[in-house]
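Heads up: the sequence shown begins at 787 in the numbering used here, then just goes up one per residue.
Glycine included, each C-beta is placed from N, C-alpha and C at the ideal position.
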Amino acid sequence: MTLQRIDNIGIVVEDLDAAIAFFSELGMEVDGKAQIEGLFADQAVGLDAVRSTIAMMRTPDGHGKLELVQYHHPAAGLDGSHNPPPNTLGMHRVMFAVDDIDDTIARLRRHGAELIGEVAQYKDVYRLCYLRGPSGIILALAEQTG
């Protein structure tokens, strides 16, 4: 197993347009915007009936990316728990691109990682999942399949 790169950092926000404006002012550029919902989204993040809008922001050099997410359902919020759900406001997760998602999950489980949802297939492009790691940190894994 070889780690390929950090794919993006995800941040759940209350107001997507305001967040886009903030990070644009910082010097990032909108790389794309999309509505996310459906079975693959529910499976990947471990929530039911997910409906969200995302904006992918990139650094000027094209290497660093932030995924800003506004959840429409279920509503995002701060629950104050040690292991908040994936739609909690604030710093959300770090996604890593890997070449073998199953091997990576197995190795991380030996260090206490737990799947939040399940491994989900997005079209013929990616296999994705969310894991909870030490101190409740959420990370996502993506294996390119096509």
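>> Taking the alpha helix (DSSP H) that A804 belongs to, which residues open and close that run?
In response: That run of the alpha helix (DSSP H) goes L802 to L812.
>> Assuming the contact rule is C-beta atoms closer than 8 Å, M814 and D885 should be a hit. Round their C-beta distance to whole Å, please.
In response: 28 Å between Cβ atoms; not a contact.
> Mind checking Q821: buried by the 16 CB within 10 Å criterion, or exposed?
Replying inline: The residue in question, Q821, is exposed, as its Cβ has fewer than 16 Cβ neighbours within 10 Å.
> Which whole runs of the alpha helix (DSSP H) in the stretch 856–922 are 4 residues long or more, in chain order?
Replying inline: Runs of alpha helix (DSSP H) with 4 or more residues, each lying fully within the stretch 856–922, are found at 887–895, listed in chain order.
> Three or more C-beta pairs closer than 8 Å, one from the stretch 852–862 and one from the stretch 790–810: is that the case here?
Replying inline: By the Cβ criterion, the stretch 852–862 is in contact with the stretch 790–810, since at least three pairs of Cβ atoms, one from each stretch, lie closer than 8 Å.
> Looking only at DSSP bridge pairs, what is T839 linked to?
Replying inline: T839 is bridged by DSSP to Q821 and Q856.
> For L825, which option in R896, V905 and E811 has the closest C-alpha, if you only look at C-alpha atoms?
Replying inline: Considering only alpha carbons, the answer is V905.
> Can you tell me the Cα-Cα spacing of H859 and S838, whole angstroms?
Replying inline: C-alpha of H859 to C-alpha of S838: approximately 7 Å in a straight line.
> If you run the structure through DSSP and keep just helix, strand and coil, what is V831?
Replying inline: Note: V831 maps to helix in three-state DSSP.
> Who are the near neighbours of Y912 in its chain, counting only those whose CB is closer than 7 Å to its CB and skipping five residues on each side?
Replying inline: The residues are A928, E929, Q930 and T931.
> What whole-angstrom Cβ distance do Y916 and I923 have, given they're in contact under 8 Å?
Replying inline: With a beta-carbon spacing of about 11 Å, Y916 and I923 fall beyond the 8 Å limit used to define contacts.
> Quick one, are the C-beta atoms of A830 and A926 less than 9 Å apart?
Replying inline: Closer than 9 Å, so yes.
> Identify the residues that DSSP records as bridge partners of V816: which are they?
Replying inline: Paired residues: M843.
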